[in-house]
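A quick write-up on the structure given underneath.
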Amino acid sequence: MKVFALFTAIASVIATATAQSATISLPANGTVIASGATFTIQLEQGDFPENVNQVGIALGLAPCQYIDCNTYDASQEIGNLLYAGPFNPQFGPGGPPSAEPFENFTVQAPSGVSGAYALSLTQLELIGDGYERVYLVSNIIVEIQ
Ligand SMILES: *[C@@H]1O[C@H](CO)[C@@H](O)[C@H](O)[C@H]1NC(C)=O
Ligand SMILES: *[C@@H]1O[C@H](CO)[C@@H](O)[C@H](O)[C@H]1NC(C)=O
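Read left to right, the sequence shown gives residues -19 to -1, 1 to 126 (mature numbering (1 follows the signal peptide of the UniProt record, and there is no 0)).
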């Protein structure tokens, strides 16, 4: 019984950790971006009733020529750093389809490059009264031309 309760507790912690993490809602996976162009990265934060302390995020573009973009993880480099700093998602107009709190970041693609790149999000947040650490790394793939 106790073991079962423990597994249930762990499963619910994992489930909530996923629900309250941010995802890249724009650009869409596979989007083509012109080299040197300014574009918007929209991050959608899964809403969560507990206190969430956003420590910060990093956004970057790493060439798939050198890393495996399909198995991107925290051990791989961010590459071209597009943004590092605070994350302050808010409810409001111009948000993601699911009406979650979000934030737009305007960034610039590197110039004079082309090919597939991992557009990655690294996020650290602290959840609830005990400041549970949630560290997340995710990515989509974009094509720079
Ligand atoms: C966020 O970016 C999207 C895409 O560029 C835009 O449609 C939306 O209006 C922006 N929202 C805000 C609040 O800036
Ligand atoms: C993005 O598209 C690639 C290629 O189709 C796919 O392998 C990958 O799983 C997709 N990533 C996401 C986050 O949907």
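Cβ coordinates follow ideal geometry from the N, Cα and C atoms, glycine included. Remember, predicted model here, so these are calculated numbers, not experimental data.
If you draw a straight line from the C-alpha of residue i to the C-alpha of residue j, how long is it?
| i | j | result |
| --- | --- | --- |
| Ile5 | Tyr112 | 24 angstroms |
| Leu102 | Val123 | 13 angstroms |
| Gln1 | Ser16 | 32 angstroms |
| Tyr64 | Ile38 | 8 angstroms |
| Pro82 | Asp28 | 7 angstroms |
| Val94 | Ile125 | 7 angstroms |
| Glu84 | Ala43 | 22 angstroms |
| residue 143 | Ser92 | Shown here, the chain extends from -19 to 126; a query on residue 143 therefore has no answer. |
| Phe86 | Asp49 | 25 angstroms |
| Gly96 | Pro74 | 33 angstroms |
| Gln46 | Pro78 | 32 angstroms |
Can you name, in chain order, every residue of its own chain whose Cβ lies under 7 angstroms from the Cβ of residue i, other than the five neighbours on each side?
| i | result |
| --- | --- |
| Glu106 | Val33, Asn34, Gln35, Val36 and Val115 |
| Phe20 | Pro8, Ile14, Val88 and Ala90 |
| Glu31 | Ile108 and Gly109 |
| Asn51 | none |
Given the structure, does residue i come close to ligand 3, in the sense that its CB is under 6 angstroms from one of the ligand's heavy atoms?
| i | result |
| --- | --- |
| Thr21 | You won't find ligand 3 in this model; what it holds is ligand 1 and ligand 2. |
Under 8 angstroms Cβ to Cβ from residue i, same chain only, skipping five residues before and after it: list those, please.
| i | result |
| --- | --- |
| Ala18 | Gln89 and Ala90 |
| Ala80 | Phe72 |
| Asp54 | Val118 |
Is DSSP giving residue i helix, strand or coil here?
| i | result |
| --- | --- |
| Thr52 | helix |
| Ser16 | coil |
| Gln35 | strand |
| Asn61 | strand |
| Ala9 | coil |
Which residues in the same chain have their Cβ closer than 6 angstroms to the Cβ of residue i, if we skip the five residues on either side of it in sequence?
| i | result |
| --- | --- |
| Gly76 | Phe83 |
Could you tell me whether the segment 65 to 77 touches the segment 21 to 29, using the rule of 3 or more Cβ pairs below 8 angstroms? yes
Those runs of the beta strand (DSSP E) which lie wholly inside the segment 70 to 107 and span at least 3 residues: 83 to 89
Determine contact between the segment 46 to 63 and the segment 2 to 17, defined as no fewer than three beta-carbon pairs at a distance below 8 angstroms. no
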